[in-house]
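Residue numbers (our numbering): 252 to 486. For glycine and all other residues, C-beta sits at the position ideal for the given N, C-alpha and C. Given the structure is predicted, the values throughout are model-derived calculations rather than measurements. One structure below.
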C-alpha cells in the first residue's frame, strides 16, 4: 500500500472508531445516574456512608453538565472498545502474514477482557488508594470533593489500569511480528521487572503504593505469561 492508501485506511478506521464511541456515549448519557452511583461507591466506602448519603459538591454552574458529558464520553469508549480494538487489528493486518492474521478474534477478545479486568482491578483498588490520599494529610484536613476532580481521578485510574493490562497483548503481538523472541524476553526478565515498577509508578494517577503494586504485580505476571504464550504460538 502507498502512503496515501495507508492514510485513507487510517481515516476509515478512525471514523468507524469515533462513530462507535459516539453511540456508546449516547448510552452513557442516558445511563448517567446509574454509572455515577457505581463510581461513587469507593468514595462512600472511605467515608463509611450509605450511597444515598455520599455527595460531591459542584462549585460551578456548568460543572454538573460537564461531568455528565465526561462520564458519557468515557462510557462510550469502554462500550466501543471491542470495535476500537478490532479497527486497530484491521489496520495492522496488511503487514502480517497469513498465519498471523488468524489470531484476529483472540487478539480482540483478549484485549477487551484484559482492559475490563484492568478497570475492575482499578475500581477494587481505588478505595484503598483514596483512603491513603485522604489520610496522608493528617486528621486536621477536611476533604470535600468536587465531582469533576473526583471523577477525573477514578476515570483516569480505570483507563490507566485498562491500558496497562494490555501489556501482554502488545508483547505477544511483537513476538508474532518477529520484533522480539521469547528467548529475548526471558533474558530481559530482571531489567523488565524494574522497568515495569518504574512505569507503574509514573503512570498511576493517584501515585499511592496500593495502586503501584496493584498495577505492577499483574504486569510482571503478564510478562511471564507472554513468554509462555509466545513459545506456544511459534511452535
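request  = Answer yes if the segment 470 to 481 comes into contact with the segment 430 to 437, meaning at least three C-beta pairs across the two stretches below 8 angstroms, and no otherwise.
outcome  = With the cut-off at 8 angstroms, the segment 430 to 437 and the segment 470 to 481 touch.
task = Let me know the secondary structure DSSP gives residue 312 once reduced to three states.
result = Position 61 of the chain shown, counted from the start, is the residue given in the question as residue 312. Assignment of residue 312 by DSSP, reduced to helix, strand and coil, places it in the coil class.
request  = Please check the pair residue 308 and residue 395, which I expect to be a contact at CB under 8 angstroms, by giving their CB distance rounded to whole angstroms.
outcome  = As a working note, residue 308 is residue 57 in the chain shown. As a working note, residue 395 is residue 144 in the chain shown. Approximately 6 angstroms separates the beta-carbon atoms of residue 308 and residue 395; this is inside 8 angstroms, confirming the contact.
inquiry  = If distances are taken between C-alpha atoms only, which option among 370, 339 and 342 comes closest to residue 325?
reply    = The residue labelled residue 325 in the question sits at position 74 within the chain shown. For the residues 370, 339 and 342, the minimum Cα distance to residue 325 belongs to 370.
task = Please name the residue, chosen from 388, 405 and 387, that lies closest to residue 378 on a Cα-to-Cα basis.
result = As a position in the chain shown, residue 378 is number 127, starting the count at 1. Cα-wise, what sits closest to residue 378 is 405.
task = Could you give the DSSP three-state label for residue 294: helix, strand or coil?
result = Numbered from its first residue, the chain shown carries residue 294 at position 43. Note: residue 294 maps to helix in three-state DSSP.
key: DSSP-derived helix/strand/coil call for residue 439   = Locating residue 439 in the chain shown gives position 188, counting from the first residue. Shown here, residue 439 sits in coil according to DSSP, grouped into three states, outside any helix or strand.
task = Kindly indicate which residue of 424, 464, 449 and 454 has the alpha-carbon position closest to the one of residue 476.
result = Taking the first residue of the chain shown as 1, we reach residue 476 at position 225. When only C-alpha atoms are compared, the closest one is 424.
inquiry  = Taking the alpha-carbon of residue 488 as reference, which of 311, 381 and 282 has the nearest alpha-carbon?
reply    = Look at the range of the chain in this structure, 252 to 486, and you will see that residue 488 is not part of it.
key: Straight-line Cα distance separating residue 278 from residue 418   = Residue numbering aside, residue 418 sits at position 167 when the chain shown is read from its first letter. Residue numbering aside, residue 278 sits at position 27 when the chain shown is read from its first letter. Straight-line Cα distance between these residues: approximately 29 angstroms.
Nearest residue (CA-CA) to residue 317, options 337, 397 and 372 = Position 66 of the chain shown, counted from the start, is the residue given in the question as residue 317. Looking only at 337, 397 and 372, the smallest Cα-Cα distance to residue 317 is reached by 397.
ask   = Would residue 315 be called buried (16 or more neighbouring beta carbons within 10 Å of its own) or exposed?
value = Counting from one through the chain shown, the residue named residue 315 turns up at place 64. Residue 315 is exposed by the Cβ-count criterion.
query = Taking Cβ positions, are residue 457 and residue 384 nearer each other than 8 angstroms?
reply = On the chain shown, residue 457 is found 206 positions in, with the first residue counted as 1. On the chain shown, residue 384 is found 133 positions in, with the first residue counted as 1. A contact, by the Cβ cut-off of 8 angstroms.
request  = Could you please give the first and the last residue of the uninterrupted alpha helix (DSSP H) stretch that includes residue 373?
outcome  = Here residue 373 refers to the residue found at position 122 of the chain shown. Per DSSP, residue 373 is one residue of the alpha helix (DSSP H) stretching across 355 to 386.
task = Spatial neighbours of residue 328 within its chain, please: CB distance less than 6 angstroms, with the 5 preceding and 5 following residues excluded, ordered by chain position.
result = Within the chain shown, numbered from 1, the residue matching residue 328 stands at position 77. The answer, listed in chain order, is 272.
ask   = Relative to the C-alpha of residue 452, which residue among 443, 466, 442 and 439 is closest?
value = In the chain shown, residue 452 corresponds to position 201, counting from 1. The option with the nearest alpha carbon to residue 452 is 466.
query = Do you know whose CA, among 449, 473, 330 and 393, lies nearest residue 416's CA?
reply = To locate residue 416, count along the chain shown from 1; it is residue 165. Distances from the alpha-carbon of residue 416 to those of 449, 473, 330 and 393 put 473 closest.
ask   = Is there contact here, the segment 332 to 343 with the segment 352 to 365, by at least three beta-carbon pairs under 8 angstroms?
value = Three or more beta-carbon pairs separated by less than 8 angstroms link the segment 332 to 343 to the segment 352 to 365, which places the two stretches in contact.
request  = Give a yes or no on whether the C-beta atoms belonging to residue 420 and residue 362 are separated by under 8 angstroms.
outcome  = Taking the chain shown and counting its residues from 1, the one referred to as residue 420 is at position 169. Taking the chain shown and counting its residues from 1, the one referred to as residue 362 is at position 111. Remark: C-beta atoms of residue 420 and residue 362 approach each other more closely than 8 angstroms.
query = The alpha helix (DSSP H) with residue 407 in it runs from where to where?
reply = The count along the chain shown starts at 1 and reaches residue 407 at position 156. Segment 398 to 415, the alpha helix (DSSP H) holding residue 407.
query = Do you know offhand how far residue 335's Cα is from residue 323's?
reply = Indexing the chain shown from 1 puts residue 335 at position 84. Indexing the chain shown from 1 puts residue 323 at position 72. Roughly 17 angstroms separates the two Cα atoms.
key: Length of the line joining the Cα atoms of residue 428 and residue 422   = Within the chain shown, the letter at position 177 stands for residue 428. Within the chain shown, the letter at position 171 stands for residue 422. Looking at the two C-alpha atoms, the distance is approximately 10 angstroms.
ask   = Over what stretch of residues does the alpha helix (DSSP H) that includes residue 430 continue unbroken?
value = To locate residue 430, count along the chain shown from 1; it is residue 179. Following the DSSP letters along the chain, one finds residue 430 in no alpha helix (DSSP H), marked with neither H nor E.
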